[in-house]
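Take a look at the structure set out below.
Numbering (the working numbering), first residue to last: 78 to 486.
The following block contains the structure:
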């Protein structure tokens, strides 16, 4: 996430008022939230390569494979004659979007780990220029402990959410067994069944408690989100300094590697999803960090901002399916966010991380049984319509401010 000075961002956004040419499509409300004079949010994706990376075909691949995926990859976000933000197609100078950094030669993989981490921290704080399409690629040609080379994609979040951007990435790949066959993934949908009338009646009565519980969770979660964004603050802790101007301080990007096989083992043992396991690991690691090496439990009141995908889908959708008319899951940003209080540690849970993961999963599951995420989205949309985008951006920043502000060391 990049939050620069207000004057700098406003100048970068407002200087692109274009009166000529054709627009491909209007910018969505969420896209406007993510690229305003106050706020700029980007996605960093790092790919490891088992073999050294040859950058010679990079420009040709970007031109023939990447750019045709979606018009937004070759478009600027501009204002039309009515002041409405639009995507406008432009000629892309691919050389401006490809970066190949130079690190000191002949170092050990461990040393290049540090160089990669510092480079990620550096580009994470840099603004994407608004006078060209909102993406960059960085090619790292030095071996680290985990890879012979790395590809780093920095894409502005206004281009699309994780589902859309992962679809774009997978569209660049081919099957090893038969490149002419499209990529396929297992679907989560099951075969439809036709229940009997008595079964339908029983289901209706059985679902009444679930409907009432969902309504209660919706009111509770939505009200709590409003309180957290306006009145209730988290406790001061190692992950929340409470000082002004935190968004302008340096950050450090750190990485950790987890075995997918181990994550699958936890998933199977607890009967949860992979996302539940990863969320539980993050919550558990955060609580351990908050201990600060102390033997005394520090369970300060802390809140995480959890993003929830709002797409009603059961599996992978290709980019072609997302951009066709009236798609089941359209390209763009389709997610909401909820405030989730971090579960507290106990002496027993400190020794048994699985118990903490299970507790976190139950908490997220209760949040999923709520429509508050959709009410929050409707609230932001109403603010945008009646008070203007800048007021809406300010309210959105209040939500973002609840993300942990761990100081760089």
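No residue lacks a Cβ here, since even glycine has one placed at the ideal position from N, Cα and C.
DSSP-derived helix/strand/coil call for residue i
i           : result
residue 332 : coil
residue 163 : strand
residue 267 : For residue 267, the pLDDT reaches just 47, beneath the cut-off of 50, and the residue's location in the model is therefore unreliable, although a value from the coordinates is still provided. Residue 267 falls in the coil class under three-state DSSP.
residue 119 : strand
residue 371 : coil
residue 229 : strand
residue 155 : strand
residue 238 : coil
residue 284 : helix
residue 381 : strand
residue 412 : strand
residue 125 : strand
residue 256 : coil
residue 215 : strand
residue 102 : strand
residue 169 : coil
residue 349 : coil
residue 223 : coil
Which listed residue (the options) has its alpha carbon closest to that of residue i
i           : options               : result
residue 517 : 232, 316, 384 and 288 : The question about residue 517 has no answer here: the residues shown for the chain are numbered 78 through 486.
residue 179 : 373, 215 and 305      : 215
residue 439 : 349, 387 and 399      : 349
residue 145 : 169, 157, 379 and 291 : 169
residue 112 : 248, 205, 147 and 374 : 205
residue 67  : 347, 218 and 171      : The shown model of the chain, from 78 to 486, leaves out residue 67, and the question about it has no answer.
residue 130 : 218, 160 and 157      : 218
residue 303 : 185, 116, 159 and 450 : 450
residue 242 : 150, 333 and 335      : 150
residue 452 : 433, 413, 308 and 442 : 413
residue 171 : 211, 123, 118 and 372 : 211
residue 384 : 371, 459 and 441      : 441
Inter-residue spacing [alpha-carbon to alpha-carbon] between residue i and residue j
i           : j           : result
residue 251 : residue 226 : 20 Å
residue 254 : residue 260 : 11 Å
residue 30  : residue 234 : Lying before the first or after the last residue shown, residue 30 is absent from the chain, which here runs from 78 to 486.
residue 220 : residue 194 : 13 Å
residue 320 : residue 326 : 11 Å
residue 197 : residue 203 : 10 Å
residue 128 : residue 222 : 13 Å
residue 274 : residue 284 : No answer about residue 274 holds up, because its pLDDT of 49 lies below 50 and its placement is not dependable.
residue 342 : residue 177 : 38 Å
residue 292 : residue 256 : 48 Å
residue 116 : residue 107 : 12 Å
residue 340 : residue 160 : 48 Å
residue 435 : residue 187 : 35 Å
residue 239 : residue 288 : 30 Å
residue 388 : residue 132 : 36 Å
residue 305 : residue 311 : 8 Å
residue 190 : residue 335 : 16 Å
residue 185 : residue 366 : 29 Å
residue 300 : residue 134 : 53 Å
residue 309 : residue 296 : 17 Å
residue 267 : residue 294 : Below a pLDDT of 50, predicted positions are generally treated as unreliable, and residue 267, at 47, falls in that range; no measurement from the model is reported.
C-beta contact flag for residue i and residue j at 9 Å
i           : j           : result
residue 174 : residue 139 : yes
residue 136 : residue 208 : no
residue 246 : residue 393 : no
residue 290 : residue 386 : no
residue 314 : residue 377 : yes
residue 147 : residue 228 : no
residue 258 : residue 164 : no
residue 444 : residue 298 : yes
residue 338 : residue 224 : no
residue 489 : residue 199 : Beyond the ends of the chain as shown, which are 78 and 486, falls residue 489; an answer cannot be given.
residue 487 : residue 415 : Here the chain has residues from 78 to 486 only, and residue 487 is not among them.
residue 244 : residue 395 : yes
Same chain, Cβ closer than 7 Å to residue i, five either side skipped, listed in chain order
i           : result
residue 368 : 375
residue 400 : 147 and 408
residue 249 : 142 and 143
residue 328 : 198, 201, 202 and 485
residue 331 : 194
residue 404 : 398
residue 333 : none
Own chain partners of residue i with C-beta closer than 8 Å, once the 5 adjacent residues on each side are dropped
i           : result
residue 437 : 353, 356, 357, 360, 361 and 420
residue 262 : 392 and 393
residue 423 : 374
residue 344 : 350, 351, 353 and 354
residue 364 : 376, 419, 420, 421, 422 and 433
Residues of its chain near residue i, where Cβ-Cβ distance is below 6 Å and the 5 sequence neighbours each way are ignored
i           : result
residue 167 : 153
residue 418 : 380
residue 102 : 164
Interface flag, residue i vs chain B, CB-CB below 9 Å
i           : result
residue 125 : The structure shown contains no chain B; it is built from a single protein chain.
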